[in-house]
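What follows is a single structure, written as structure tokens, with notes after it.
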Amino acid sequence: MTRLAKPYDDIPGTTIFDPEMAFKGYYLNQFAISLMKAENREKFKANERAYLDEWDMTEEQKQAVLARDYNWMMRLGGNVYFLAKIFSTDGLSFQVAAASMTGMTQEDYAQMMLDGGRKPEGNRYKQEQDNG
Amino acid sequence: MARITAGVASSHVPAIGAAIDLGKTDQPYWQPVFKDYEFVKEWIKNEKPDVIFLVYNDHASAFDMNFIPTFAIGCAPEFKPADEGWGARPVPTVKGHPQLAAHITQSLIQDNFDLTVIHKMDVDHGLTVPLSLVFGQVEEWPCLIIPFAVNVVLYPPPSGQRCYDLGKALRKAVESFPEDLNVQVWGTGGMSHQLQGPRAGLINQAFDNDFLDRIVDKADELATIPHIDYVREAGSEGIELVMWLIMRGALNDKVELKHRFYHVPASNTAVGHLVLENKSI
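For the protein sequence lines, the chains are E and H, in the order given. For the first sequence, the numbering used here gives the first residue as 148, with consecutive numbering after it. For the second sequence, the numbering used here gives the first residue as 255, with consecutive numbering after it.
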């Protein structure tokens with residue numbers, strides 16, 4: 148059996164949500180999408196841990212949600228569009244959530260976007276960053 | 255006979271929808287975008303399409319992890335705006351065209367494009383933000399809309415070539431529908447953006463402008479761009495641009511560029527917008 152190539156593995160700072168990740172993140176993502184219903188948002192807000200325990204997620208996935216660490220969630224199979232239901236429940240915008248994944252302050256991130264965004268130069272290959 | 259008269263391309267950034275819904279369109283941050291879309295708002299009043307075939311992607315709203323169709327056509331009489339976690343957008347229910355959708359479904363599947371058929375589905379910002387940008391805040395959308403959802407959430411999405419070819423088959427399908435209808439095809443999403451990970455915020459203005467240049471008269475070249483180039487150059491979510499190729503494939507080989515707009519940023523994203531008309535020969 149040959150594994151299919153993953154040419155995106157050498158892109159820095161990027162987790163591609165492929166079928167392997169989708170399998171890993173099934174319950175995490177199903178929990179997240181459940182927050183599209185107002186009654187589930189209320190249950191989650193009232194007691195996050197208790198609501199998470201209703202789902203067949205790994206303990207690490209639950210810890211990542213409680214910590215609101217989106218990079219951690221994505222390493223565990225979370226997909227950003229599913230995870231968006233979590234930060235929407237928190238009343239946060241996509242820009243605030245994205246900033247939290249970059250290690251920048253929200254202000255610095257917003258300014259970077261106003262200045263034209265993160266440049267592709269130096270951000271195409273992991274190798275560029277190792278050297279730089 | 256039904257005919258495709260024009261194509262519109264537009265980003266579908268959720269923050270644009272929020273700006274409209276919360277009355278922030280006059281803010282300096284948003285002014286460049288809303289000022290530019292005044293063109294298409296006037297243009298569409300004259301064009302008066304009967305039906306819009308609206309190519310977009312669902313953002314984990316209608317499709318959870320249980321089912322992720324690559325190409326899904328909305329064949330229902332109506333589609334409600336989705337609650338994406340902060341309540342549904344205050345926009346009208348989308349009215350479909352089940353007869354034309356059924357006709358297109360049959361024609362495309364017989365042309366080897368294996369569609370998933372949807373009879374009940376809520377539509378998220380991917381579909382409603384472009385409608386709001388073009389029609390503004392209205393009580394009813396002024397035409398019928400066939401939602402066509404393309405998977406770009408789970409990698410790999412369909413290739414650019416597949417999307418372009420599907421567009422060509424779509425043209426054939428629409429033109430064989432016996433009713434006299436003015437049909438537009440819209441391609442939404444993009445342009446360059448990455449919403450996740452430490453590389454979030456990536457924007458590639460050179461890539462985007464080259465795409466805007468070539469989709470007018472060299473779309474066959476764009477169709478050959480492999481996924482990895484979109485991801486590396488235009489960000490993990492920039493791959494949404496394959497959806498524009500369905501729109502372009504559905505138009506004639508020769509089109510007239512009526513309008514072009516590019517702006518950075520809208521939240522995390524580069525906004526691109528085109529209005530293309532089929533040249534009357």
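Backbone N, C-alpha and C fix where the C-beta goes; we use that ideal spot for every residue, glycine too.
Query, Result
"List the residues of chain E whose Cβ lies closer than 7 angstroms to the Cβ of M319 of chain H, in chain order.", "A169, Y173, N176, Q177"
"Taking I482 of chain H as the query, report the chain E residues whose CB atoms sit under 8 angstroms from its CB, ordered along the chain.", "P154, Y155"
"Does any residue of chain E bring its CB to less than 8 angstroms from the CB of I270 of chain H?", "no"
"As a quick exercise: from H:K349, H:V309, H:V383, H:G414, pick the residue whose alpha carbon is nearest that of G261 of chain H.", "H:V309"
"Compare the C-alpha of E239 of chain E against each of H:H447, H:G339, H:W498, H:H351 and name the closest.", "Position check: residue 239 of chain E holds Leu in this sequence, whereas Glu was assumed. The option with the nearest alpha carbon to L239 of chain E is H:G339."
"Could one say the Cβ of P412 of chain H lies closer than 8 angstroms to chain E's Cβ atoms, at least one of them?", "no"
"Could you check how far apart the C-beta atoms of A427 of chain H and H357 of chain H are, in whole angstroms? I think they sit under 8 angstroms.", "7 angstroms"
"Is the beta carbon of N226 of chain E closer than 8 angstroms to that of V439 of chain H?", "no"
"With contact counted as at least three CB pairs below 8 angstroms, one residue from each stretch, are the segment 208 to 217 of chain E and the segment 171 to 187 of chain E in contact?", "yes"
"Of all the alpha helix (DSSP H) runs that stay within the bounds of the segment 426 to 465 of chain H, which reach a length of 4 or more residues?", "none"
"Given S361 of chain H, which residues of its chain have a CB within under 8 angstroms of its CB, disregarding the five upstream and five downstream residues?", "A423, K426, A427, S430"
"Compile a chain-ordered list of the residues in the segment 518 to 529 of chain H whose CB is closer than 8 angstroms to at least one CB of chain E.", "V518, P519, S521, N522, A524"
"Could you tell me the alpha carbon to alpha carbon distance between Y228 of chain E and H313 of chain H, rounded to whole angstroms?", "6 angstroms"
"With a cut-off of 8 angstroms, do at least 3 Cβ pairs link the segment 443 to 463 of chain H to the segment 158 to 178 of chain E?", "yes"
"Counting pairs of beta carbons, one from the segment 409 to 418 of chain H and one from the segment 484 to 497 of chain H, are three or more of them closer than 8 angstroms?", "yes"
"Any idea what DSSP makes of S265 of chain H, helix, strand or coil?", "coil"
"Closer than 9 angstroms by beta-carbon distance: list the chain H residues that pair up with M204 of chain E, in chain order.", "None at all; the shortest Cβ gap to chain H is about 12 angstroms."
"Could you check if V392 of chain H is buried or exposed, using at least 16 other CB atoms within 10 Å of its CB as the buried criterion?", "exposed"
"With three or more beta-carbon pairs closer than 8 angstroms as the criterion, would you say the segment 364 to 371 of chain H touches the segment 324 to 332 of chain H?", "yes"
"From the DSSP output, in three-state form, read off Y310 of chain H for me.", "strand"
"Could you tell me which residues DSSP puts in a beta bridge with A197 of chain E?", "Its beta-bridge partners do not exist; DSSP assigns none."
"What did DSSP end up calling P166 of chain E once you bin it into helix, strand or coil?", "helix"
"Please confirm if the segment 477 to 493 of chain H is in contact with the segment 216 to 225 of chain E, defined as three or more CB-CB distances below 8 angstroms between the two stretches.", "no"
"CA-CA distance, A269 of chain H and Q353 of chain H?", "34 angstroms"
"Answer yes if the segment 271 to 281 of chain H comes into contact with the segment 377 to 388 of chain H, meaning at least three C-beta pairs across the two stretches below 8 angstroms, and no otherwise.", "yes"
"Going by DSSP, name the residue or residues bridged to P401 of chain H.", "H:L308"
"Give a yes or no on whether 8 angstroms exceeds the smallest Cβ distance from L182 of chain E to chain H.", "yes"
"At a CB-CB cut-off below 7 angstroms, which residues of chain H make contact with F191 of chain E?", "Those do not exist, as F191 of chain E stays about 11 angstroms from chain H at its closest Cβ, beyond 7 angstroms."
"Looking at P401 of chain H: is its Cβ nearer than 8 angstroms to the Cβ of V377 of chain H?", "yes"
"Relative to chain E, which residues along the segment 437 to 457 of chain H have a C-beta separation below 9 angstroms, given in chain order?", "S446, H447, Q448, L449, Q450, G451, P452, R453, A454, G455, L456, I457"
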